[in-house]
Amino acid sequence: MHPPTDDGSDIRKGPSPDWPFGVAAYGLLVLVIAASTWIHHFEPHLLRVPDNGDVSSWRHPSFEETLLYDHATQEQRENILVQGVVLKDRHGFQLAGDLFGLLMGWICFLHALRHHGFWKASCFLVGSFVFTGLEETIWILSGRFLGGMVKNPLGEPFLGTYWFTRGIFWFLETPLTACMGWFFIAYACVLTAGKVFPRMGLWGRAAAGGLIAMGIDLWVDPVQTAPEIMSWVWAKGDSLLLFGIPQYNFVGWFLLIFLFAVFWEALPGLELRLGRTGATGVFFGMVLTVPFAVFAVIWIWIYLLGGVLSLFGVERAIHIPRGW
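Under our numbering, the first residue of the sequence shown carries the number 457, and numbering increases by one thereafter.
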């Protein structure tokens, strides 16, 4: 038996009336993934994709200018220079990661479909996938093309941002595993916040969801960037690092989950005022534009924080905990 969804519709009634939206949304997403995957693997020079097999060729940042270099032992550095990124040739392992991400995403999508209907479930899936993939790509390419051109308020060069090292399928310069991972983590955090704080208003629930996600990332990022795993690589340059990760990464996680939760939960109200087509247009308009605003806000935050630290006499990047 399939109970009605929370919005009153019944998923037993055959094809969804939103099928044109579904065809357009998922069709465009698949096309972008196909094109991005081709460019990343077969035309890497177009986006200056770092060579996983030749670490000495890295530029903006170079290997020595990454936090990976600082975290690795001398033996690990020598191995990386000789062998390249770990697991770079384990394509079966990478494909398994993509399939696992799709499986977890499918489980969350089925839950969203049952409780919110096809339209809202698809808005969350496609919207969060594009939202995070676009935001990540903006940061990755800005660091790749502009790294080393500016200094932080402490006078140290901002040598770049970060990039992902592995993946079979890509959305722009973000691997499918990261986009799907963001979807099911975001959905779980928003769902948990709603269950734990059912009487809290929209902004409070969104903030709670963002804090839960940030807490998860506080332990995920240090593990995934360790020399033994190297799922992504951070450049040096931030003035404050938490567990070896630039603090703006965690600020970004909170902001993205918080904002996306607000956008998504606003959909029913938008539909009442604008109709489903209008609400869909406004929602995806925000999904495609807000990442650029978040990028600007975080850069302002980076310089404000660095300026405050500089006023207190800090001359070099702070690591919390010390020595991490």
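Even glycine gets a Cβ: it sits at the ideal position worked out from N, Cα and C.
query	result
Beta carbon of I701 nearer than 8 Å to that of T733	no
Whole-angstrom C-beta distance between L712 and P590, which should lie under 8 Å	Correcting the residue type first, residue 590 is Leu in the shown sequence and not Pro. L590 to L712, Cβ: 11 Å. No contact.
Neighbourhood of L697 by C-beta, 8 Å cutoff - its chain only, sequence neighbours within 5 removed	L523, Q703, A773, I774, H775, I776 and W780
Touch test, the region 648-663 against the region 499-513, Cβ-Cβ under 8 Å, three pairs minimum	no
Own chain residues within Cβ distance below 6 Å of A568, not counting five before or after	A577 and F580
Distance, V479 Cα to L551 Cα	25 Å
H775: first and last residue of the uninterrupted beta strand (DSSP E) it sits in	I774 to I776
Whole-angstrom distance between A528 and V689, CA atom to CA atom	12 Å
Own chain, CB closer than 6 Å to D474, minus 5 neighbours either side, in chain order	F574 and W575
Sequence-distant residues of its chain with Cβ nearer than 8 Å to L726 (five each side left out)	G734, A735, V738 and F739
Check whether I489 and W626 have beta carbons under 8 Å apart	yes
Touch test, the region 546-561 against the region 622-638, Cβ-Cβ under 8 Å, three pairs minimum	yes
Whole alpha helix (DSSP H) elements within the region 611-665, 4-residue minimum	632-652
Start-end ranges of the alpha helix (DSSP H) lying completely within the region 487-574, minimum 4 residues	523-527 and 530-539
Same chain only: Cβ atoms within 6 Å of I495, ignoring 5 sequence neighbours per side	L502
Three-pair Cβ contact test at 8 Å for the region 655-667 versus the region 509-517	no
Nearest neighbour of E629, chosen from G741, V679, G731 and F587 [CA to CA]	F587
Residue environment, E521, which counts as buried when at least 16 other CB atoms sit within 10 Å	buried
Residues bridged to I701 [DSSP beta-bridge criterion]	L698
Buried versus exposed, by CB contacts within 10 Å (16 or more), D673	buried
Residues of its chain near P631, where Cβ-Cβ distance is below 6 Å and the 5 sequence neighbours each way are ignored	F620 and G623
Own chain partners of A752 with C-beta closer than 8 Å, once the 5 adjacent residues on each side are dropped	none
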